[in-house]
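Taken in order, these protein sequences are the chains called A and B. Mapping of the first sequence onto the UniProt record's numbering: position 407 corresponds to residue 407, and the numbering continues sequentially without gaps. Mapping of the second sequence onto the UniProt record's numbering: position 338 corresponds to residue 338, and the numbering continues sequentially without gaps. Glycine included, every Cβ here is placed at the ideal spot set by N, Cα and C. Bear in mind the structure is a predicted one, so any value in this text is a computation, not a measurement.
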Amino acid sequence: MDDIPPYPPIDPTTFDLIVIGTGLPESIIAAASSTASKSVLHLDPYPFYGSHFSSLPLADLPSFLSSHSTSPSPPRSPSSDDPNEFSLLEFATRPLYSSIDISTFSPNLLDQHSRKFNLDVAGPRVFFCADKSIELLLRTGTNQYMEFKSVDATFVGDNKGNLWSVPDSRAAIFKDKSLGLVEKNKLMRFFKLVQGHLAGEQDIKISEEDLQSPFVDFLNKMGLPPKIKSFILYAIAMADYDQEDTGVCRDLLKTKDGIDQLALYNASIGRFQNASGAFLYPIYGQGELSQAFCRRAAVKGCLYVLRMPVTALLVDKDTGCYKGVRLASGQDIFSQKLILDPTFKVTLPSGSSPPLPLKEKLPFFSLKDDKGKIARGICITKTSLKPDISNFLVVYPPRSLFPEQVTSIRLLQIASNLAVCLPGMFVLYISALCNDDDQGKKLIHAVMNTLLTVPLDSESNAAVQSETAENGSAVQDETSESSSGGPSDSGEEKPTLLWSALYSQELTLGQVDFICSTPMPDGKLNYNDLIDTTFKIFQEIYPGEEFFPETSLENPEGDGDASPET
Amino acid sequence: MHGRPRKAPKPEDEAASSAKAQKLRALQTQFFSFHHNKIYTKEAVELSAKLLEINPESYTAWNYRKLAVEHYLNLPDCNPDSIKSVLDDELRVVENALRQNFKSYGAWHHRKWVLSKGHSSIDNELRLLDKFQKADSRNFHAWNYRRFVAESMKRSEQDELKYTEDMIYANFSNYSAWHNRSVLLSALFDKKAEGFLLKEKVLPEEYEFIHQAIFTDPDDQSGWFYHLWLLDQTVTTDSPLLASSWPGHGSDVLLVGDRCYNGSAFSPFSALHSDSGSFPIVLYFNQPVRGVNSSTVTVECGFNKNEDLLWKPLSASNSQTARVWVAHLKVSSSDLHSTVEVSVGHTKGIISTRGFEYSHPSMLSFKVHVQPMERDSSQVSVAESISLREENFKVYGKQSEESIIDSFDQLIIKNGHETTASNWRFEALAKEIECFRELLSLVDCKIGKLTLARLLKAYDAMSYPFANKLVHSEEVLELYSDLMKLDRTHYQFYKDERSIVLLQKVTSSKGSLLQHCFQYKDSVSSAICGPICLRLNNLSLSRMGAFEKLLWVQMLDLSHNELQSIEGLEAMQLLSCLSLRNNKLRSLTALEPLRKLKLLRILDISYNQIGDHSIDTTRYVCSSPLSHSVGSELNRDETVTSDVALINNWEAFYIFKDFNLNQLDIVGNTIADEKFKSVLVKIMPKLKQLDGKLLD
């Protein structure tokens with residue numbers, strides 16, 4: 001950001017709403033507000049769309065992460081010498097990423113083609129074909145700016161490197177070779193029970209008492225064996241924490257929620273003709289989503305200025321109310337409302353009375369920053385983790401890799417046919433919730449060690465060999481023969497790591513306070529919770545406005561467009 | 001494609017369809033004029049294509065096109081290119097028509113016809129089929145056509161088998177795919193193709209495959225059908241076997257001239273009253289066979305070879321295929337003791353309905369003793385009427401048990417060869433039994449229970465002569481009782497099955513059979529009279545079975561059961577006295593099996609439901625005088641055709657005319673009024689007693 005060209009002045013200088021940052025929540029709010037005929041100025045200090053939701057070239061990712069990893073110089077003393085009637089509140093940024101660890105094992109290859117990569121900052125993430133983000137895309141016609149492909153399968157991994165396919169449908173259960181006959185029967189009966197319950201059939205009803213009980217208890221009550229329980233809890237309902245250890249579980253799933261998750265999964269399978277599984281992934285990466293909403297907003301009149309940092313907040317000297325922002329160009333822009341991306345912190349001038357009309361208005365926003373962290377890892381390989389299949393999800397349920405693993409680890413492999421990397425390469429996104437950076441690293445490393453050959457350093461080929469041999473002997477197991485062809489199958493080399501980026505991300509929630517700020521990417525696999533939060537923020541700033549009224553449906557052929565190309 | 005509700009048409013739809021009809025009518029008129037005038041110009045042929053695209057069901061249009069094709073192919077300037085273009089056109093028209101309605105018989109048929117002209121390629125046809133089978137994976141037209149294409153274009157069964165597998169993996173609720181699999185496997189077994197030589201290698205894999213479907217969704221019926229086919233493949237031996245015979249091998253037959261005899265040295269099982277000096281030889285096979293005659297079955301009696309012995313099939317229909325065959329052997333009265341040797345299948349020619357040759361030649365030999373008449377048969381009269389009442393029966397005496405047991409063993413033909421050769425069948429069944437016990441421990445499932453019952457029954461049947469008792473019969477009976485409660489719709493089916501199992505159980509061991517054997521002794525005569533009476537009364541039987549074990553029975557009490565049919569009873573050739581009192585027989589035609597019992601003298605059909613129901617449904621399955629063979633018989637008999645009463649009671653005439661009854665009880669049936677009784681007397685002049693009243 002050193003060589004930013006001279007800023008042209010922005011005209012007009014007064015808006016209904018200023019949005020800073022082009023992450024997904026900000027972009028949706030910008031689009032929704034523009035649709036509600038508000039005048040919106042959407043600013044981003046970066047030259048690309050998406051902020052913490054963006055997809056970046058390989059070389060840009062480390063610098064983006066590190067620019068958010070340290071507290072910048074403490075804010076200069078409030079420029080109280082401002083001549084006009086405003087006081088200036090300097091923005092401070094907060095560190096959002098830590099323990100950033102970039103390893104390159106094949107420098108030449110990757111550096112030359114950095115721009116061929118679109119790496120998601122907030123991976124792994126997918127769309128469920130029937131989830132809220134797809135609904136929102138279709139309802140707003142935003143799907144016309146995106147293209148999707150199907151994620152072909154879901155697997156559950158174990159510590160031996162096997163990948164077991166998740167029997168998520170009737171045909172999949174029938175076909176599955178790892179399940180016993182009894183397990184198949186129990187699983188299918190459970191699915192039928194859930195389907196019957198959801199369809200409101202008279203004689204198949206899950207009691208209210210059961211619905212309020214923990215999902216894991218209900219699964220036990222249904223007599224499901226541990227393996228299937230694990231499939232349902234972590235690979236279909238996508239629970240984050242160990243559901244069977246209430247001591248560590250922070251998101252104990254109720255049966256009701258579990259059933260809702262199953263319903264979402266079930267509705268996702270087969271929704272689009274070309275999508276074989278439950279999930280979709282956008283071509284060019286997840287950053288496309290924020291950008292698509294920005295385009296949607298722009299169509300409705302939202303004004304976009306990228307590469308425009310904001311330096312300070314303008315507040316009324318007397319009331320302490322928000323008035324506007326000062327841009328890096330020195331220009332002051334005024335608006336009724338302001339939405340900030342989670343990078344920014346506003347330090348109140350000491351001595352001024354806290355003007356907090358909105359404080360503690362919503363219990364929803366009251367818990368902030370206590371959700372711990374999420375460890376993320378991005379790996380690039382030259383071979384797929386599984387032959388014959390390129391785009392898939394792997395879930396490592398709690399305790400599946402080592403006894404102290406309390407959260408599920410998810411891995412998404414995306415191939416070059418989704419235009420995220422060089423042809424013939426694969427990008428692996430890994431994430432796990434954690435309490436601190438060390439724990440997070442341990443989780444990500446556990447997966448990498450199970451699935452990948454990690455060269456000790458870029459020069460030492462001998463080291464690579466010995467590492468492989470050591471792992472190879474450790475992972476051989478008879479069950480891998482009968483498995484669905486895990487990567488540790490005899491004769492198959494584990495893919496070698498070419499490049500990796502490991503980092504921990506703060507799980508900052510959105511807040512509606514003195515000013516509104518949006519949440520960081522959460523630890524979920526899809527955008528459902530983020531869209532809920534975004535909707536609440538929008539309601540907060542525009543209580544009377546409808547969030548994308550139905551009349552905005554512009555593309556009745558939406559369904560067709562959202563389906564991936566063949 | 002399946003299970004979609006019909007919607008009432010909207011007004012605009014109706015308007016559209018009437019417009020379509022208008023257009024279609026105009027097209028049709030023009031088409032017919034071309035057709036009638038045999039005009040096959042390009043324009044005319046094009047018009048028929050247009051018609052077929054709208055209405056693929058127009059058979060006339062398809063036939064017209066066939067004529068047009070023939071016309072073009074017979075043109076003098078016809079060359080390979082023009083043939084190709086004509087046939088390509090046909091294929092295109094069919095494809096368009098199928099797009100309109102992929103279940104059009106006419107269109108599929110036309111395509112077969114075009115293919116018979118030796119055109120198109122297998123790839124082309126399979127591509128088309130893939131498209132239609134994707135649209136509806138259960139489209140049986142497409143499956144039929146697929147079989148046609150695969151056969152005519154010599155696609156290997158193995159490839160097709162793989163295809164069914166793929167279809168099943170996509171969705172296993174596919175009757176057509178499972179069915180085709182059974183067809184293909186049968187063909188591969190028959191061919192003894194590489195890898196399909198041994199059923200014991202292939203069937204376990206198929207069982208494994210179908211288990212996946214059955215366990216995943218036991219409520220889905222398509223898999224069960226395939227399982228039933230597999231079970232049949234496991235149980236049924238290819239070549240037919242002789243299951244039992246009368247007389248049994250190594251037995252002694254005593255022919256007595258009158259009813260009273262002192263059994264002394266001879267087992268009452270094998271003493272037989274014979275007026276005529278002949279006795280029946282009954283062969284009971286494990287499956288229907290044809291080709292039983294004096295060359296395939298030779299009978300040697302003493303020094304005489306009975307080359308002209310006439311073997312008759314005993315089956316409900318008049319076909320020449322039956323499980324049971326009978327011949328009547330005449331013993332000359334001069335020969336008081338003779339040995340009879342029956343050899344079965346030493347000459348080829350006995351063939352099962354599935355085309356397998358009888359391949360286990362067996363030999364039966366037994367001794368025949370003739371006990372000359374002590375009294376003149378004309379004296380046998382009034383006093384000898386038999387009344388099957390409770391007080392007239394005695395539990396069979398203990399001192400006689402030994403002889404009964406001996407002769408009981410003689411009823412069974414041992415086929416050691418076949419059984420040792422098929423250990424895999426046992427193993428397969430045992431594995432299935434275990435598997436379905438497990439399924440039932442998971443779910444309460446009707447079809448699972450039925451399958452387990454079938455498996456257990458099959459297992460018992462296979463192991464029977466060696467295990468010497470039916471190990472699982474109690475469990476099977478319980479399963480059927482359960483099913484009768486669970487599934488009221490199919491109550492009667494389960495009850496029938498249960499009856500047969502019960503009969504098999506009763507007849508399976510000496511001990512259980514003896515409990516049902518009684519000595520008849522009426523109050524009038526003091527001597528121990530007549531043969532043993534088998535009493536299977538009060539057992540809630542709805543069907544008869546286990547005939548192979550009951551060939552020796554001469555007196556049978558089936559009273560107080562729930563029999564609706566006595567199918568199969570024709571096998572019991574020695575029956576002379578039968579009580580069917582208090583059953584649920586609904587019609588006279590239900591008595592048809594009795595027509596073949598030439599020794600039957602005493603019959604009690606009182607207190608049934610004959611005549612209760614004005615519509616006799618068995619009429620449709622039994623041959624009637626209206627059918628060819630019987631009708632001509634009727635017409636020949638002029639005394640009958642002239643008698644109006646008989647014409648109106650053709651069923652009675654048809655059933656009873658061949659009977660040789662002395663005594664009949666028919667009271668307690670709606671039909672049995674005085675008028676009907678007088679008809680009966682007319683039909684059976686030899687009848688001596690009707691409903692307990694003596695006739696002159």
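The beta carbon of H227/B sits closer than 7 Å to those of I210, I214, T451, all from its chain and outside the five residues before and after it, given in chain order.
Taking one beta carbon from each stretch, the region 493 to 510 of chain A and the region 369 to 384 of chain A have 3 or more pairs nearer than 8 Å; the two touch. Closest by C-alpha distance to N649/B, out of N662/B, S678/B, H328/B, is S678/B.
Interface residue (Cβ-Cβ distance to chain B less than 8 Å): K524/A is not classified as such. Residue-level contact by beta carbon fails for I204/A and chain B, as no gap is shorter than 8 Å. Per DSSP, the unbroken beta strand (DSSP E) holding I414/A starts and ends at 409 to 415. Along the length of the region 413 to 463 of chain B, whole alpha helix (DSSP H) runs at least 4 residues long occupy 416 to 421, 423 to 442, reported in chain order.
Separation of V340/B and V331/B (C-alpha to C-alpha, rounded to the nearest whole angstrom) is 10 Å. Remark: C-beta atoms of T518/A and I374/A do not approach each other more closely than 8 Å. Annotation: the continuous alpha helix (DSSP H) that includes N108/A extends over 107 to 112. In this structure, the straight-line span from the alpha carbon of T29/B to that of D136/B is close to 34 Å. Between Q158/B and L203/B, the C-beta gap is not smaller than 8 Å, which leaves the two residues out of contact. In this structure, the CA atom of R323/B is about 15 Å from the CA atom of V297/B.
For Y494/B, the number of other beta carbons within 10 angstroms of its own is at least 16, and it is reported as buried. At a cut-off of 3 residues, the continuous stretches assigned as beta strand (DSSP E) that sit fully inside the region 183 to 266 of chain B are 242 to 246, 252 to 256.
Distances from the CA of P9/A to each of Q291/A, I333/A, S34/A were compared; the closest alpha carbon is that of I333/A. When DSSP reads this structure, S343/B sits in a beta bridge with T298/B, M363/B. Counting only Cβ-Cβ distances below 8 Å, E438/B has contacts in chain A at L181, V182, in chain order. Under the Cβ distance rule, L442/B counts among the residues neighbouring chain A, one pair being separated by less than 8 Å. Here D130/B is not bridged, per DSSP, to any residue. Between K186/A and G223/A, the CB-CB gap stays under 8 Å.
Among the residues of chain A, those whose CB is under 7 Å from the CB of D217/B are R170, M188, following chain order. Along the region 38 to 65 of chain B, there is no position whose C-beta sits under 9 Å from a C-beta of chain A. Between the alpha carbons of T343/A and A328/A lies a gap of roughly 16 Å.
Under the 8 Å criterion on CB atoms, A430/B is classed as non-interfacial with respect to chain A. Taking a contact to require three or more Cβ pairs closer than 8 Å, the region 110 to 121 of chain A and the region 281 to 300 of chain A qualify as touching. In the DSSP assignment, Q663/B forms a beta bridge with I602/B, Q689/B. Annotation for S98/A: the continuous beta strand (DSSP E) segment containing it runs 97 to 104. For D482/B, the enclosing alpha helix (DSSP H) has its first and last residue at 473 to 486.
With contact defined as three or more Cβ pairs closer than 8 Å, the region 133 to 152 of chain B and the region 163 to 179 of chain B are in contact. The criterion of a C-beta distance shorter than 8 Å is not satisfied by S441/B and Q492/B. From the beta-carbon of N185/A, the residues of chain B found nearer than 8 Å are F215, T216, P218, L439, L442, V443. For N171/B, the chain A residues whose C-beta falls within less than 9 Å of its own C-beta are R170, A171, F174, listed in chain order. With contacts defined by Cβ atoms closer than 8 Å, L585/B and M572/B do not form a contacting pair. Listed as beta-bridge partners of G157/A by DSSP are L163/A. Out of E135/A, S55/A, I173/A, the CA that lies nearest to the CA of F548/A is found in E135/A.
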